[in-house]
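Enquirer: In our numbering, the protein residues as written are 465 to 770.
Quick reminder that beta carbons are idealized off the backbone N, C-alpha and C, glycines included.
Since this is a predicted model, take the numbers as computed values, not measurements.
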């Protein structure tokens with residue numbers, strides 16, 4: 465595994481880093497913090513790692529949560545297998561981590577941003593009794609009408625580019641920093657939100673051997689994801705768990721997240737985070753954290769309006 469830049473937030477709560485064997489040849493890295501009775505799981509997006517959440521872990525643990533923030537397969541310090549990047553498989557990885565390695569038995573609050581949104585939804589569909597609240601952030605979900613509409617939008621050109629196997633790797637290898645720098649900048653409402661230190665962490669993670677390929681494979685699995693999601697909806701129906709659909713005020717998909725989730729879930733609350741585009745947890749962590757804690761209080765299962 466590569467050596468990444470120092471990745472402990474200043475003033476952060478005590479963080480525990482761990483590695484969990486979830487299947488032969490696959491070991492997941494995770495960060496945990498807090499000792500609350502309820503567990504909240506944070507699933508990052510591309511091209512990020514668990515570090516995406518470094519500004520919200522502290523407030524969430526202070527509020528009373530036990531927080532678990534994994535690097536899903538292929539990202540960060542987790543292993544990068546050749547396959548298994550469909551989101552239902554990635555969700556099963558997370559379930560094994562939580563249940564078999566960390567001993568989590570109670571229903572969790574599952575939070576997913578970007579690619580993590582897709583994994584969080586797949587988790588909630590597969591393990592309905594293991595999720596008390598679902599929070600999805602600023603990405604289209606394969607298998608929905610909103611995804612099909614956005615997929616042809618020129619502003620999501622990267623869906624097609626990342627899907628071009630070998631070509632994307634050929635053009636990005638050795639140029640990870642300028643590529644990621646441009647990727648963050650075009651989806652940002654505040655250039656200071658992703659600091660040079662943040663960028664160093666992400667560049668180091670995705671410059672590691674096989675890391676960018678693994679990231680691209682997540683996009684190459686979208687057609688499979690759409691099939692899995694449509695089949696699950698037909699088989700088991702819409703989610704009944706409370707859902708908070710979070711969008712960025714300046715994001716391409718932000719205004720559509722609530723509409724999208726109403727295609728697949730019954731109990732949906734929408735929230736647009738002011739002063740953000742796509743990188744919500746870094747652009748306005750205070751507003752996002754407040755909305756999350758109001759939606760899913762750490763000391764009870766009641767859901768309040770955002």
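#1: Apart from the five residues on each side of it in sequence, which residues of its chain come closer than 6 Å, Cβ to Cβ, to residue 485?
#2: So, with DSSP's three-state summary, where would you put residue 606?
#3: Between the C-alpha atoms of residue 698 and residue 713, what's the straight-line distance to the nearest angstrom?
#4: Can you tell me which of the three DSSP states residue 762 falls into?
#5: Quick one, which of 703, 708, 693 and 656 has its alpha-carbon nearest residue 600's?
#6: Which ranges would you report for the alpha helix (DSSP H) in the stretch 619-706 if only whole runs of at least 4 residues count?
#7: Are the CB atoms of residue 658 and residue 647 within a distance shorter than 7 Å?
#8: Per the contact definition of three or more C-beta pairs closer than 8 Å, is the stretch 551-560 in contact with the stretch 658-671?
#9: Quick check for students: name the residue ranges of the alpha helix (DSSP H) that lie wholly in the stretch 478-531, counting only runs of 4 or more.
#10: Ordered along the chain, which non-local residues of its own chain (more than five positions away) have a Cβ less than 8 Å from that of residue 627?
#11: Could you give the distance in angstroms between the alpha-carbon of residue 562 and the alpha-carbon of residue 568?
#12: Does the Cβ of residue 689 have 16 or more other Cβ atoms within 10 Å, making it buried, or fewer, making it exposed?
#13: Whole angstroms is fine: what's the gap from residue 661's alpha carbon to residue 512's?
#14: Beta-carbon within less than 7 Å of residue 528's beta-carbon, same chain only, minus the 5 sequence neighbours each way: which residues are those?
Expert: In short:
#1: As a working note, residue 485 is residue 21 in the chain shown. Hits under 6 Å: 491.
#2: Numbered from 1 along the chain shown, position 142 holds the residue referred to as residue 606. Of the three classes helix, strand and coil, the one that applies to residue 606 here is coil, per DSSP.
#3: What you label residue 698 is simply residue 234 of the chain shown in a count that begins at 1. What you label residue 713 is simply residue 249 of the chain shown in a count that begins at 1. Approximately 32 Å, taken between the alpha carbons.
#4: Start at 1 with the first residue of the chain shown, and residue 762 comes out as number 298. Note: residue 762 maps to coil in three-state DSSP.
#5: By one-based count along the chain shown, residue 600 stands at place 136. Nearest of 703, 708, 693 and 656 to residue 600, Cα basis: 708.
#6: Fully enclosed alpha helix (DSSP H) runs of 4 or longer: 622-627, 631-636, 640-649, 660-671, 675-684 and 686-700.
#7: Along the chain shown, one-based indexing puts residue 647 at 183. Along the chain shown, one-based indexing puts residue 658 at 194. No; because the gap between Cβ atoms is not below 7 Å, this pair is not in contact.
#8: Cβ pair count under 8 Å is below three, so no.
#9: Entirely contained in the stretch 478-531, the alpha helix (DSSP H) runs reaching 4 residues are, in chain order, 521-527.
#10: One-based indexing of the chain shown puts residue 627 at position 163. Hits under 8 Å: 680, 683, 684 and 686.
#11: Indexing the chain shown from 1 puts residue 562 at position 98. Indexing the chain shown from 1 puts residue 568 at position 104. Straight-line Cα distance between these residues: approximately 5 Å.
#12: Stepping through the chain shown from its first residue, residue 689 is reached at position 225. Counting Cβ neighbours within 10 Å, residue 689 comes out buried, since at least 16 surround it.
#13: Position 197 of the chain shown, counted from the start, is the residue given in the question as residue 661. Position 48 of the chain shown, counted from the start, is the residue given in the question as residue 512. Answer to the nearest angstrom: the Cα atoms are 13 Å apart.
#14: The residue labelled residue 528 in the question sits at position 64 within the chain shown. Cβ within range, chain order: 500, 762 and 763.
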